[in-house]
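> Let me begin by handing over the structure; questions about it come next.
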Amino acid sequence: MLKLEVNERIYNFDLEDTHSPLLWVLRDQLGLVGTKFGCGMGQCGACTVHLNGAPVRSCSLPTSAAVGQAITTIEGLSREGQLHPLQQAWVELDVPQCGYCQAGQLMSAAFLLSNTPSPTDEDIDNAMVGNLCRCGTYKRIRKAIHQAADTISKEGQ
Amino acid sequence: MRKNPYWSDSIDRMQSAAIDGEDFALPEFSEPRIYSRRTFMKLTGLAASGLVLGFARTDAANSATSEANSFPLAYIQISRDGKIILYAKDPEIGQGIKTALPMIIAEELDADWQSVEVVEAPTNKTLYGRQSAGGSRSVRRNWNELRHVGALARTMLTQVAANNWQVNINECTTHKSVVTHSLSGRQFTYAELAEDAAKLSIPEKSSIKLKSTSQYQLLGSRKSGVDNLQLVTGKPMFGIDQKIPGMLYAVYEKCPARGGRVKSANLEDIRTMPGVTDVIVMPGRDNPFGPLPGVVIVAKSTWQALAAKRKLSVQWDETDAAKDSWSSAVAQAQKLAHTPGKQTIAEQGNVDKPLSEDTRVDAFYHYAFVAHAQMEPENCTAWFKGDSIELWVPTQTPQWGRETVAELLSLDTAKVFVNQVRAGGAFGRRLFNDYMLEAAAISKRIAAPVQLVWTREDSMNQDYCRLGGFHQLSGSVDKEGKLSAWQNHFITFTHDGKKPPRAGGLKENEFPHPMINNLKLTQTMLPWDTPSGLWRAPSSNVLAFVIQSFIHELAVAAKRDHLDFLLELLGRPRWLEPGNPEILHTGRAIKVIKEVTEKAGWGKPLPKGHGLGLAFHFSHAGHVAEVAHVSVTEDKVLTVHRVTVVADVGPVINLSGAENQCEGSVVDGLSTMLGLEATFEAGRIAQTNFHQYPILRLPHTPEIDVHFIDSDYPPSGLGEPALPPLAPAVGNAIFAATGERVRTLPISKEGFRV
Ligand code: FES
Ligand code: FES
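In structure tokens form, the structure reads like this:
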């Protein structure tokens, strides 16, 4: 029996192979399919989730390494029905094209804002360089991160 | 001798089936087919209460057993509770069509967009006609029909209100799902009217009034994609997200060189791996579309299937497999370049005299193969149920997929149910449904629902890449600085030894060919066995680079400003074939070129090492011009600062979506020209995953300005036409900045990097 804490909820389940990357356990076992498979080798960032608040590539993280840690996925980014300011900005600015990369983009961006509430363009470059968007929505991603940062700073006042 | 003769014809058939279709034979500006080949159908009292409007072909509507009756969805459902459901008929692949098409209906319907729910339509030719995503054609193909659907429903709802108030329908107006009697101010909501509207008979065509462009309130505005909320909260939207109770997971190993067959494999080792339920050797069939020969592993989870695949070791019989080599193709092409070319495509006047007497420029351009690399790998969920099958598949061609699955499993097409799901990118890859056939075959074989997922490595080595190609160009400019001759020996590829595949040809009517008095176009084909495919803006995505760069080379040789030279070439404003949206309109071209140079500050002084580059291309009915502002350092580090885009695609449907497509096309164009290539040796692609296929990342994204010309030509699509001008605009800008001409794609081959 394996115990994982995902989005502040405890999941108990059987897992034959604890080396299974967290990505597939989230998707197949727990039904949390928001986290995406893109490359399986840490290159694209589509599978980004937070482990204790920091972004990890779940395609390359053995599930055993996540036991006992707080995992957050895209499904847990909004709290109590309240969209994260990033999610709000993503919708307002119509960021997605196909949308497949966007869960990973949002998780990387959420970590950035949690550490750097008013990021510069350079901060955004550094935080987002690991997330591919084949559709090329980067311009809007940058803009949406700035917009969400503004929202957060206004809310904080 | 062809090693693999069966590839050829099937590839042609595939490509034609994917892109062509009955609709494209019809003139684009014809009357909507509603009142001719089809008839309106009202469906009431079936799935929903209220008004349900759709079309069906006459015969189908009359047949009790027709599919039309089993899918009473059609386009619009207005129910008593006020909910308005609009069905999006064509596949959503990231081009925004699931938002754009319902917006067209909603505009004419005067529906309150805030309360509209958009639902993906099932795959059903009877109800929806052609359903596909390809050739930037969805908006063009559906424009007339969907406007009429909306207007017709609006008219019927208004009529019910007018009847109720016993007033003339002309005294009634509609706005945000409400009918108002202007004189008395009385109002009914659509919800209140829907049921009675369903009882009306279909009004005469003459009583339906379409809005004029100036009356549009919704069209042309910025709307966020209808799926965005679900996307940003991680809801199951994509093919790979589908779950069916009892579903198993499959992976499929195929020979990395197309056409290879399974000789032997360590099947017994694999069978005993954790979770593995089936290991199947698929014989495949002699069809490049699949299923191909290979080994299928079915397991209880994706990971167990993937882990087993890693341990799988297959010996391939490559007797019939492709042996293609990119390096030897390059060597051959270089040798052939200065020969006259085996076939003549077009000849006008005489190129020899001006080429020998005037100022002459010779240039050898070449571009690599590229892969699609859409973010969501190929996948399909299939559930074979004995005498029928249901599939969930991200595809650009659901109807064609449906027919081929029916053929593969010897089922009646009516027994194949294809659910459209959002596709995580496509770019032409999903015109082909090989993975759909694979999943169908596996589900039938194991008699269980199954989800087939390809790895990124599968996606790369089983792609239908865009062809590479080579152009030996010669041109001249006379004493007045006018273009006096243009000669192009195009070295391309062939799968059948007879002709290049669909996107591998050179057209006589491609700009500027029709404008040139002394023109010679020839072609030589190299054999290529690995099946190729269609990649965003097929053929245009490479020809624009070659042609628009060479025009600039000639302008430079003539010591003329590129802008003037290009405008002179276009000549006076005219539609080269009036009424044919596939054909260039020089007036529209001139307008986008002038506007883009104005917006980008053409001719303004720039710091050393900076340059502006201009390019125009007409493709997929869109006229698009772009100016790139770049700077290049001594050691060839390229920065693209800004790209300005001006497009004329007729009235814009969703401004936000349209801008997004242009922005994405710029990024895609830049990404591809900078460093993307698919190279082949021994029939195998060398690039296996993103570490060898460096798609552009966020830090290197330029500023992108997008503008649209307000024109009243019928609207056309934007998934493709903004991509082709990017590479030549950047190439020309590099020349302006450095004096160095780039003639190879990707330009990393010439030492440039970001
Ligand atoms: S799937 Fe994990 S980084 Fe690409
Ligand atoms: S939106 Fe398609 S990959 Fe990013």
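Chains as they are written, first to last, in this note's numbering: chain X, 2 to 158; chain Z, 806 to 1559. Beta carbons: idealized from backbone N, C-alpha and C, even for Gly.
#1: Taking 7 Å as the cut-off, is the C-beta of ARG58/X nearer than that to any heavy atom in ligand 3?
#2: Answer with yes or no whether the minimum CB distance from GLN1225/Z to chain X is below 8 Å.
#3: On a Cα-Cα basis, can you pick out the residue from GLU81/X, PHE112/X, LEU62/X and GLN103/X that is closest to THR138/X?
#4: Are the stretch 1063-1077 of chain Z and the stretch 1108-1125 of chain Z in contact at 8 Å, needing three or more beta carbon pairs?
#5: On a Cα-Cα basis, can you pick out the residue from SER115/X, SER21/X and LYS37/X that is closest to ALA55/X?
#6: Is GLN106/X near ligand 1 - that is, is its Cβ less than 7 Å away from at least one heavy atom of it?
#7: Would you say ARG58/X faces chain Z, with C-beta separation under 8 Å as the test?
#8: Is any non-hydrogen atom of ligand 2 found closer than 7 Å to the C-beta of PRO97/X, if you look at the structure I gave you?
#9: Among all the DSSP beta bridges, which residues are the ones paired with PRO22/X?
#10: At a Cβ threshold of 8 Å, is VAL68/X touching chain Z?
#11: Taking 8 Å as the cut-off, decide whether the C-beta atoms of GLY1089/Z and ASN1459/Z are in contact.
#12: Could you tell me which chain X residues have their CB closer than 7 Å to the CB of GLU925/Z, listed as they occur along the chain?
#13: Can you tell me where the alpha helix (DSSP H) with SER1354/Z in it begins and where it stops?
#14: Give the residues of chain Z in contact with SER130/X, contact being defined as C-beta atoms less than 8 Å apart.
#15: Hey, TRP1333/Z and PHE1295/Z: beta-carbon distance below 8 Å or not?
#16: Does the distance from the CB of VAL1429/Z to the CB of VAL1471/Z come in under 8 Å?
#17: Listed in chain order, which residues of the stretch 1038-1070 of chain Z have Cβ atoms closer than 9 Å to some Cβ of chain X?
#18: Quick test of your reading: ALA1246/Z and LEU1216/Z, contact by CB under 8 Å. State the CB separation rounded to the nearest angstrom.
#19: What in chain Z is Cβ-close to ASP126/X, meaning under 7 Å?
#20: Interface residues of chain Z around MET2/X at Cβ under 8 Å?
#21: Compare the C-beta of LEU27/X against all C-beta atoms of chain Z and say whether one is closer than 8 Å.
#22: Quick one: does GLY54/X have its CB under 8 Å from some CB of chain Z?
#23: Compare the Cα-Cα distances from LEU1111/Z to each of MET108/X, ASP18/X and LEU113/X and report the closest residue.
#24: In this structure, what does DSSP give as the bridge partners for PRO56/X?
#25: What three-state label does DSSP hand ASN1314/Z in the structure shown?
#26: If you reduce the DSSP assignment to three classes, tell me which class ILE839/Z lands in.
#27: Please check if any C-beta of chain X sits within less than 8 Å of the C-beta of GLU1596/Z.
#28: Starting from SER1132/Z, trace the alpha helix (DSSP H) in both directions and tell me its first and last residue.
#29: For LYS1016/Z, list the residues DSSP reports as bridge partners.
#30: Let me see if you follow: with CB-CB separation under 8 Å, is ASP1032/Z close to chain X or not?
#31: At a threshold of 7 Å, does SER61/X count as lining ligand 1 (C-beta to nearest heavy atom)?
#32: At what residues does the beta strand (DSSP E) containing ASN1224/Z begin and finish?
#33: Just checking ARG135/X against ligand 2 - is the residue's beta carbon closer than 7 Å to any of the ligand's heavy atoms?
#34: Mind checking if LEU1036/Z is an interface residue toward chain A, Cβ cutoff 8 Å exclusive?
#35: Assuming VAL1445/Z is part of the beta strand (DSSP E), what are its boundary residues?
#36: Would you check if the distance between the CB atom of LYS1048/Z and the CB atom of GLY32/X is smaller than 8 Å?
Inspection of the coordinates gives the following:
#1: As far as ligands go, the structure on display features ligand 1 and ligand 2 and does not contain ligand 3.
#2: So, not an interface residue.
#3: GLN103/X
#4: yes
#5: SER115/X
#6: no
#7: no
#8: Checking every heavy atom of ligand 2 against the Cβ of PRO97/X, one is found closer than 7 Å.
#9: PRO63/X
#10: no
#11: no
#12: Near GLU925/Z there are no residues of chain X at all, since even the closest Cβ is about 14 Å away, more than 7 Å.
#13: In the DSSP assignment, SER1354/Z falls within the unbroken alpha helix (DSSP H) covering 1345-1362.
#14: The sequence given here has Val at residue 130/X, not Ser. Near VAL130/X (Cβ distances below 8 Å), the residues of chain Z are ARG1502, LEU1503 and PRO1504.
#15: no
#16: No, the Cβ-Cβ distance between VAL1429/Z and VAL1471/Z is not below 8 Å.
#17: THR1038, GLY1039, LYS1040, PRO1041, MET1042, PHE1043, ILE1045, ASP1046, GLN1047, LYS1048 and TYR1054
#18: The Cβ separation is near 12 Å, so there is no contact.
#19: LEU1503 and PRO1504
#20: Residues of chain Z passing the Cβ test: none, with the nearest at roughly 17 Å.
#21: no
#22: no
#23: ASP18/X
#24: HIS51/X
#25: coil
#26: Confidence at ILE839/Z is low in this model, with a pLDDT of 36, below 50, so the placement of that residue should be treated as unreliable; the coordinate-derived value is given next. Looking at ILE839/Z - three-state DSSP - the assignment turns out to be helix.
#27: With chain Z covering only 806 through 1559, there is no way to say anything about residue 1596/Z.
#28: 1131-1141
#29: Answer is none; LYS1016/Z lacks a bridge partner.
#30: Yes, its Cβ sits closer than 8 Å to a Cβ of chain X.
#31: SER61/X has its Cβ nearer than 7 Å to a heavy atom of ligand 1.
#32: 1221-1225
#33: yes
#34: The displayed structure is made up of protein chains X and Z, and chain A is not among them.
#35: 1443-1453
#36: yes
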